[in-house]
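> Okay, so the sequence shown: first residue is 88 according to this note's numbering, each after it adds one. Provided herewith is a single structure, encoded as structure tokens, for subsequent inquiry.
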Amino acid sequence: MIITVNGRGDTVSLAYEEYQRMKARIELLEILSEADDDVKQGRVAPIEDTFDDLRNLLKG
88 MIITVNGRGD
98 TVSLAYEEYQ
108 RMKARIELLE
118 ILSEADDDVK
128 QGRVAPIEDT
138 FDDLRNLLKG
């Protein structure tokens, strides 16, 4: 449902499940955007290092 003010869209009402799906998509897009920026800025590491770091975190 869209609520208008003076003929222009002002407020949207939608099902809670749809809101949750939209929110999850937005969060994923934000994470992907940050990752893309990291790659462009050269803030990357070999995947082996990443897995080693994760293993160490899980052990400790």
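Beta carbons are placed, not taken as given, at the ideal position from N, Cα and C, and that holds for glycine.
Tell me the rounded alpha-carbon separation between Asp140 and Val131.
Roughly 14 Å between the two C-alpha positions.
> What is the DSSP secondary structure of Arg95, counted as helix, strand or coil?
Strand.
> Could you give the C-beta distance for Ser100 and Met109, rounded to a whole number, given that I count them as a contact under 8 Å?
Not quite, the Cβ-Cβ distance comes to about 13 Å (not below 8 Å), so this is no contact.
> Could you give the distance in angstroms between the alpha-carbon of Ile113 and the alpha-carbon of Gly147?
Looking at the two C-alpha atoms, the distance is approximately 32 Å.
> Identify every residue that forms a DSSP beta bridge with Ile89.
Per DSSP, Val99.
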